[in-house]
Amino acid sequence: MYFSSNIKYLRKRKKRTQDEVAFALKMKRSTLSGYENRVSQPSIEVLLAFSDYYKIAIDTLIKVDLGKLPESQLRQLERGYDVFIRGTKIRVLATTVNPENVDNIELVNEKAKAGYSSGYADPEYIKVLPTFYLPFLSKDKKYRTFQISGDSMLPIPDGAYVTGEYVENWEYIRDGKAYIILTVNDGIVFKNVENRIAGSGQLRLHSLNPLYEAYDLDIQEVREVWRFVNYISPEIPKQAVSKQELKQEITELKQRIESIQLKLDL
Numbered sequence: 372m373y374f375s376s377n378i379k380y381l382r383k384r385k386k387r388t389q390d391e392v393a394f395a396l397k398m399k400r401s402t403l404s405g406y407e408n409r410v411s412q413p414s415i416e417v418l419l420a421f422s423d424y425y426k427i428a429i430d431t432l433i434k435v436d437l438g439k440l441p442e443s444q445l446r447q448l449e450r451g452y453d454v455f456i457r458g459t460k461i462r463v464l465a466t467t468v469n470p471e472n473v474d475n476i477e478l479v480n481e482k483a484k485a486g487y488s489s490g491y492a493d494p495e496y497i498k499v500l501p502t503f504y505l506p507f508l509s510k511d512k513k514y515r516t517f518q519i520s521g522d523s524m525l526p527i528p529d530g531a532y533v534t535g536e537y538v539e540n541w542e543y544i545r546d547g548k549a550y551i552i553l554t555v556n557d558g559i560v561f562k563n564v565e566n567r568i569a570g571s572g573q574l575r576l577h578s579l580n581p582l583y584e585a586y587d588l589d590i591q592e593v594r595e596v597w598r599f600v601n602y603i604s605p606e607i608p609k610q611a612v613s614k615q616e617l618k619q620e621i622t623e624l625k626q627r628i629e630s631i632q633l634k635l636d637l
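Take the sequence shown: its letters are residues 372 to 637, numbered as in the working numbering.
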């Protein structure tokens, strides 16, 4: 049980004295000190009081060593994203931290993408991914970088590395913004998203490349969502081509192929 160490850690994290917390919880300072030092065992009523005070579930206060969580996960708890409050379907992110207890940015390259689809929730798998650091990104948020493939998001080129910020609450997915999504059947996809969760329980996925049609993804097929932050590529983005120009190029290519085929048949 981590209750004693957790309430002491939370009090110090919020820079409050024992007198201040004891007064707020309507107990003696000596009683609070007894809980923090494992001299006394809390009753259910006391557990409820601490849970209400710190806005953290009783199960979390008891079962999770808050002092070992990275800052990004602590902030998620403080914003109300508590696995024991929101239910068993809440997403618990496997992550790694550096020696200063700051979240790393794990890299999922092309070779690792297949394994990530099954190992994304396995701390042992995440631990072996390459990690790096981008000093211009917030230390209080969680980021991960994925190598994309294909041309559906041109002008972002094939092979580019896209970095995303972890999205805990999918209801906050914003229409028209780009996201990296881990899906059950299609693995990692990178698309502009239209949020239809409230209405149909789906995300509508759009490509930047106009040759690709939009399609719907059932939210039950989604495992992780990362909001696009930036990308890294050795290639300079090509000038955008209109859908009509692309169709014309395809038509001309087909005509050339047909001409070649006729010559071969002669």
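For every residue, glycine included, the Cβ atom is placed at its ideal position computed from N, Cα and C. The model shown is predicted, which means the values in this text are computed figures rather than measured ones.
Start-to-end residues for the beta strand (DSSP E) that takes in residue i
| i | result |
| --- | --- |
| Tyr425 | Segment 415-425 is the alpha helix (DSSP H) holding Tyr425; no beta strand (DSSP E) there. |
| Lys498 | Taken as a continuous stretch (DSSP letters only), Lys498 belongs to no beta strand (DSSP E), being part of the alpha helix (DSSP H) at 494-498. |
| Phe561 | 558-567 |
| Lys484 | Here Lys484 belongs to no beta strand (DSSP E); instead the alpha helix (DSSP H) covers 484-490. |
| Thr516 | 514-518 |
Contact belief for residue i with residue j at Cβ below 8 Å, rounded distance in angstroms
| i | j | result |
| --- | --- | --- |
| Tyr532 | Ile476 | About 10 Å; that fails the 8 Å criterion. |
| Glu481 | Ser520 | 6 Å |
| Asn566 | Asp587 | That pair is no contact at about 12 Å. |
| Lys510 | Glu449 | Contact doesn't hold; Cβ gap of about 15 Å is too wide. |
| Ser488 | Gly558 | 5 Å |
| Val555 | Glu584 | The pair is not a contact, with the Cβ atoms about 21 Å apart (cut-off 8 Å). |
Inter-residue spacing [alpha-carbon to alpha-carbon] between residue i and residue j
| i | j | result |
| --- | --- | --- |
| Phe394 | Pro413 | 17 Å |
| Gly405 | Leu508 | 41 Å |
| Leu505 | Lys512 | 12 Å |
| Ala696 | Tyr537 | Past the boundaries of the shown model lies residue 696; the chain is included only from 372 to 637, so the question cannot be answered. |
| Gly490 | Leu396 | 43 Å |
| Glu629 | Val473 | 59 Å |
| Arg457 | Ala569 | Note on Arg457: pLDDT 45, under 50, position unreliable in the model; no value is reported. |
| Asp529 | Leu403 | 58 Å |
| Gly438 | Arg382 | 12 Å |
| Ala420 | Leu445 | 20 Å |
| Tyr425 | Phe517 | 35 Å |
| Ile603 | Arg594 | 24 Å |
| Ser375 | Asn408 | 6 Å |
| Ala428 | Thr388 | 22 Å |
| Tyr589 | Leu574 | In the sequence as displayed, the identity of residue 589 is Asp instead of Tyr. The alpha-carbon atoms of Asp589 and Leu574 are separated by roughly 6 Å. |
| Ile433 | Ser411 | 15 Å |
| Met372 | Pro581 | 55 Å |
Exposure of residue i, with buried meaning 16 or more beta-carbon neighbours within 10 Å
| i | result |
| --- | --- |
| Lys562 | buried |
| Asn377 | buried |
| Gly535 | buried |
| Arg598 | buried |
| Lys625 | exposed |
| Ile631 | exposed |
| Thr459 | Unreliable positioning characterises Thr459 in this predicted model, as indicated by a pLDDT of 39, which lies under 50. The coordinate reading is nonetheless provided below. With fewer than 16 other Cβ atoms within 10 Å, it is exposed. |
| Ala415 | This sequence places Ile at residue 415; Ala is not what is there. Exposed is the call here. |
First and last residue of the uninterrupted alpha helix (DSSP H) at residue i
| i | result |
| --- | --- |
| Glu477 | No alpha helix (DSSP H) contains Glu477, which is instead part of the beta strand (DSSP E) from 476-479. |
| Arg382 | 374-384 |
| Leu403 | 400-407 |
| Glu391 | 389-395 |
| Thr467 | Unbroken run through Thr467: none, as it is neither H nor E. |
Contact test: residue i Cβ vs the ligand SAM heavy atom, cutoff 7 Å
| i | result |
| --- | --- |
| Pro528 | Summarising the ligand content, the structure contains no ligands, and the ligand SAM is consequently not present. |
> In chain order, which alpha helix (DSSP H) runs of at least 4 residues are fully inside the stretch 520-602?
Replying inline: 568-571
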